[in-house]
Each structure stands twice: as C-alpha cells, then as structure tokens.
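Residue numbering for the sequence shown follows the working numbering, starting at 21 and increasing by one per position. C-beta atoms are modelled at their ideal positions from N, C-alpha and C, and glycine is treated no differently. If you're wondering where the values come from, they're calculated on a predicted model, not measured in any experiment. Take a look at the structure below.
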Amino acid sequence: MLMLLVCSAVLADSLPKDSMMDLAITNARLVDGNGQVRSGAGILVKDGKIAAILTSGKTPLARRVIDAGGATVMPGLIDTHVHLCVSDTITDDVSLNRYMREVVTGKLSQFLDHGVTTIRSMGDPEDAILDLRIRIANGEIPGPRLQVVGPGITVVNGHPAVTVYGTQPFLRERSAEEIDSPESAARIVNRLADKGVDAIKILYEGSDDPGNAPPNLMYQNVWGIDNVPRFSIETLQALINVSHERGLRIVVHAVDEESTATAVALGADELAHGLADEPVPVSEELTQKMRDHGIYYSATLQVYAAIAPAKLDNASPQLKRVADAGVNVTVGSDTFGRLLPGHSTLREIELMVEAGLTPALAIQAATGNAAASLGLDDTLGSLTLGKRADILVVDGDPLTNISALRNLSAVIQNGQIIRVDRALTN
Ligand SMILES: [Zn+2]
Numbered sequence: 021m022l023m024l025l026v027c028s029a030v031l032a033d034s035l036p037k038d039s040m041m042d043l044a045i046t047n048a049r050l051v052d053g054n055g056q057v058r059s060g061a062g063i064l065v066k067d068g069k070i071a072a073i074l075t076s077g078k079t080p081l082a083r084r085v086i087d088a089g090g091a092t093v094m095p096g097l098i099d100t101h102v103h104l105c106v107s108d109t110i111t112d113d114v115s116l117n118r119y120m121r122e123v124v125t126g127k128l129s130q131f132l133d134h135g136v137t138t139i140r141s142m143g144d145p146e147d148a149i150l151d152l153r154i155r156i157a158n159g160e161i162p163g164p165r166l167q168v169v170g171p172g173i174t175v176v177n178g179h180p181a182v183t184v185y186g187t188q189p190f191l192r193e194r195s196a197e198e199i200d201s202p203e204s205a206a207r208i209v210n211r212l213a214d215k216g217v218d219a220i221k222i223l224y225e226g227s228d229d230p231g232n233a234p235p236n237l238m239y240q241n242v243w244g245i246d247n248v249p250r251f252s253i254e255t256l257q258a259l260i261n262v263s264h265e266r267g268l269r270i271v272v273h274a275v276d277e278e279s280t281a282t283a284v285a286l287g288a289d290e291l292a293h294g295l296a297d298e299p300v301p302v303s304e305e306l307t308q309k310m311r312d313h314g315i316y317y318s319a320t321l322q323v324y325a326a327i328a329p330a331k332l333d334n335a336s337p338q339l340k341r342v343a344d345a346g347v348n349v350t351v352g353s354d355t356f357g358r359l360l361p362g363h364s365t366l367r368e369i370e371l372m373v374e375a376g377l378t379p380a381l382a383i384q385a386a387t388g389n390a391a392a393s394l395g396l397d398d399t400l401g402s403l404t405l406g407k408r409a410d411i412l413v414v415d416g417d418p419l420t421n422i423s424a425l426r427n428l429s430a431v432i433q434n435g436q437i438i439r440v441d442r443a444l445t446n
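Here you go:
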C-alpha cells in the first residue's frame, strides 16, 4: 500500500489511486494522432482504456510493463476502406461460410499484425459481415474493430455489379445492391439502417474517359463492357437524404470532378477514391466546397499502384491539392482480393507521403481523421485520457521516415497486448 502511494505521488494527477493498472508503457516518445509529440512519457491502461498519460520517468505499478526504450508510441491505425469477401471461390452460402471461417479470419489477423486496429468493410455481404462484426466485438474472433456498410449501392447493371461481379451471380446479389429509382433507394437504405450498418456506400462516378461519355454513364468501354450506367440525380439525392434521415453518413465512389462536385453539392460526407480519373487539377471552387462541407477524402493510392498505376498520376497530385486546401484526408486502402491486408494500409500511408503529404499529416489521416470519419473520434484516434487503448510501439521515427511504421514492436488493442517483442517486456 505504501508502495502504491509512493508511486502514485510521482504520477500524473489524473491517475486513479484505487487500483493497479493493467498495463504501463514507459520511456516512450508519444506521437498522438493530433500532431503532439512528447518524449520521456508513458501511458497507463486500465479496463481497455487509457487511464493516464505519464510525464515522469518513474516505473508505475502495473500487471504488465512495456519499456518502449525511447521508441515511438502512437495510436492504432484505422483503414476506412477494405473488402474482406472478394473471391471467385465464393459461389454459394456454403463457400461463403467457409471463406469467412478459413480466409477472412486470417486477413483479420494480418491487419492486427500490421498495427491496423480498426477497419471499415465496404461492399461485403451484409448478413455475413454483420455477424462478423458481432463476433469480433464480443471477442470470439480476434480482429480489428469492424465497421460495416453492407453492399455497395449502385444503379441496375452498374459498377461493381456488371464489372467486378459480372461473372459471379452469388456475390453480385449480395455485395452490390442494384436500384433504379428514388423509391428503391429509400427502401434499400432503410433496410440497411434497420439492420444496423455504420454507414452507406454508393457507387456514382463519371466516365472512365472524361469528356467523352454522356453524364448518365459511369464507365464507357472499360472492363470489356460498353456503357455502364449510373444513377439519376433524383436517385442520388434520395440516397443521400434517406441516409441522413437515418443518421448514417454516406460514402461516395466518384472519381472525376463533375461527379464529385455533384455528390458534394447534394450532401455526400466522404469520397472513397479521390479524383483518380481527373487529369485536370481539381478546381479551387470544389476544394473549398469539400473543406466547407467537412468532406473526408481518401485516395486509395495503393490500389492504383497495384492494379492501375497510370491513375496514380492523377490521384497523387489531387490528394496533395485537397490536403493543402485543408480538406480532411483519411486512409482508405481499398484492400481486396489478393492485396495484402495491413501491409496495403502501410503502403497507402507511404504513398500519401510520396504524394507530398507530411508524415505527420499521413499519420493523422490514419488515426485522428480516420476516427472522425467513422464517427469514432470520441473513443479512438489519439492517445488521450479515456480513449480506447489501441496503441502501437514503433522503432524509429515515422515523423521523419514514414516507413518506420513497418518496424512495429508492439500492438495493443483495447488494452490487450496482441503482439510484443520480448525485449520490451518484464
Ligand atoms: Zn473499394
């Protein structure tokens, strides 16, 4: 008891004095998600939350102690855009269940291993993904905290229904929701809201060949398919209005200036791919509107680097322009199929720095900004008293070399140590 009092006396004022901590991280250089850096600091964790930020160098009383040895300690990473169930092996309920059990569980572990402690699934079959969200939340399956949108909503015969899932009728029916009117928009959004999704994702974008396609088309002459259609303005407006009436944010896939400007003007909350098909610099008028409307913008650079490198020439400078204009940028990797879970998230962050963002802003995009875009900024995204203890220990200084994020020596989620290098623990 005397020992506890002595220790308490040298700790932060906010330290609860009534009980032993679950975990202490000492000798840390704290890089919180909001641009603050503090050396010689520490964190105390109790009941899965940050119980105190320490400013003294004393070793506190805790069941587990991680001596960070001066390494960087920062919030867990958040990836706002991943797909867990894109595979041509999923052809019926039996193979979907098997895939969830045998493949998705492995993907979830890979995210955690790379320090990604929260993800948002886009366009995955709603019943399977909602069930997975419950199982992760109750600790049955290890994995990043999961938000879900269910199927991506598109127009009848739109993308990804006839493109990605053109030869996969089972997934086409479950991963894309094809609608053709404001009435069907309301029906689908209400159904997803009733089931408890965290946001709505819609696919609305201009032609892949700007300037050449009429505005009612999403793609022209790509994927070997002529003239993939897109929503009418009335249907787009209904999707946005009903989502907002149900308290859900709406994430829009739009990749040229015209369709992006339309979505922003009608009330979109997030842009899921950046202006990847727009070679002309995004106008000041649109960047100002994005900023004024509080839009969250992710550029999915790593998916372009992996499968469509030419699009990086548009997407990277456009990301830099919107970030310079003060638009909230977030990390969304669009990891799907064979792209490596977790590694792709780190690659996205590196590519954001290669595009000209500072490492500090790229880290904020993966932590504080991403948490805010998911509506989780009360509980995640920074090393702040009372927030969930999702914490990484990183060798080196990611503020000067972003690739230091690859050198993880500890991953903590909800106060539980997911992995830790043995040298750091007592
Ligand atoms: Zn995607």
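Contact set for residue i: own chain, Cβ-Cβ below 7 Å, skip 5 residues either direction
i      : result
GLY287 : ILE260, HIS264
LEU447 : A query on residue 447 cannot be resolved here, the shown segment of the chain reaching from 21 to 446 and no further.
GLN436 : none
ILE422 : ILE369, GLU370, VAL373, PRO379, ALA382
HIS313 : VAL284
GLN433 : GLY96, LEU132, THR137, ASP410
ARG311 : ALA345, GLY346, VAL347
ASP417 : THR92, ALA424
GLY231 : Note that GLY231 has pLDDT 43, beneath the 50 cutoff, so the model's placement of it is unreliable and the number below is only indicative. For GLY231, where only same-chain residues beyond five positions count, there are no Cβ hits under 7 Å.
LEU366 : HIS134, LEU425, ARG426
Cβ-based neighbour list, residue i, same chain, cut-off 6 Å, excluding 5 preceding and 5 following
i      : result
PHE356 : HIS103, VAL106
ASN334 : ALA296, GLU298, PRO299
MET40  : LEU81
ASP441 : SER429
VAL413 : ALA88, ALA91, VAL93, SER429, ALA430
GLY388 : GLY53, ASN54, GLY401, SER402
Residue from the options with nearest C-alpha to residue i
i      : options                        : result
SER393 : ALA343, PRO95, ASP99           : ASP99
SER336 : LEU377, ILE199, ILE63, LEU116  : LEU377
LEU396 : LEU256, ASP218, ALA443         : ASP218
GLY448 : THR387, ILE438, VAL248         : Residue coverage of the chain in this structure runs from 21 to 446, which leaves residue 448 outside it and unanswerable.
ASN47  : ILE63, GLN56, ASN54            : ILE63
ARG447 : VAL431, ARG84, ASP415          : This structure cannot settle anything about residue 447, because the visible part of the chain is limited to 21 through 446.
ILE222 : VAL248, VAL182, GLY178         : GLY178
ARG58  : THR75, ILE45, GLY68            : THR75
ILE161 : THR174, GLU122, ILE199         : GLU122
GLY346 : ALA326, GLU277, TYR317         : TYR317
ASP200 : GLN188, TYR224, ILE110         : TYR224
THR174 : GLU197, LYS309, ILE154, LYS66  : GLU197
ARG269 : GLU278, ILE220, ARG426, LEU291 : ILE220
LYS331 : GLU305, THR183, HIS293         : HIS293
GLN257 : ALA205, ASP214, ARG153, THR387 : ALA205
GLU193 : ARG155, ILE149, PRO145, ARG153 : PRO145
ARG140 : ILE110, TYR119, PRO171         : PRO171
LEU166 : THR187, PHE251, MET142, GLN308 : MET142
ARG250 : GLU305, SER279, VAL271, GLU290 : SER279
ALA274 : HIS101, LEU291, ARG266, ILE110 : LEU291
VAL209 : ARG408, ALA44, VAL271          : VAL271
THR183 : VAL248, VAL169, SER129         : VAL248
For residue i, the residue or residues it bridges with in DSSP
i      : result
ASP87  : THR46
GLY172 : ALA196
LYS66  : LYS69
ASN348 : TYR316
ALA61  : ALA48
GLU290 : VAL271, TYR316
ALA414 : Reading off the sequence, residue 414 comes out as Val, not Ala. DSSP lists THR92, LEU428 as partners of VAL414.
LEU166 : ILE139
LEU74  : GLY62
Environment of residue i [buried if 16+ CB atoms lie within 10 Å]
i      : result
ARG358 : exposed
GLU203 : exposed
ALA328 : exposed
GLU254 : exposed
THR445 : exposed
ALA385 : buried
PRO95  : buried
PRO176 : Sequence inspection shows Val at residue 176; the Pro mentioned does not correspond to that position. By the neighbour-count rule (16 or more Cβ atoms within 10 Å), VAL176 is not buried but exposed.
GLY216 : exposed
ALA157 : exposed
HIS420 : The amino acid at residue 420 is misidentified as His; the sequence shows Thr. Exposed, by the Cβ-count rule.
THR350 : buried
SER115 : exposed
SER353 : buried
SER303 : exposed
ARG83  : exposed
ALA443 : exposed
Contact set for residue i: own chain, Cβ-Cβ below 8 Å, skip 5 residues either direction
i      : result
PRO301 : PRO337, GLN338, ARG341
LYS127 : LEU104, PRO361
ASP67  : ASP42, GLY435
Ligand 3 heavy atom lying under 7 Å from the CB of residue i
i      : result
HIS103 : Here the bound small molecules are ligand 1; ligand 3 is not part of this structure.
### Task
For the segment 295 to 326, list the alpha helix (DSSP H) runs that are entirely contained and at least 4 residues long, ordered along the chain.
304 to 312
### Task
At 4 residues or longer, and completely inside the segment 99 to 142: list those alpha helix (DSSP H) runs for me, N to C.
For the segment 99 to 142, whole alpha helix (DSSP H) runs of length 4 or above, ordered along the chain, are 113 to 119, 125 to 133.
### Message
At 4 residues or longer, what runs of the alpha helix (DSSP H) sit wholly inside the segment 353 to 385?
### Response
For the segment 353 to 385, whole alpha helix (DSSP H) runs of length 4 or above, ordered along the chain, are 363 to 374.
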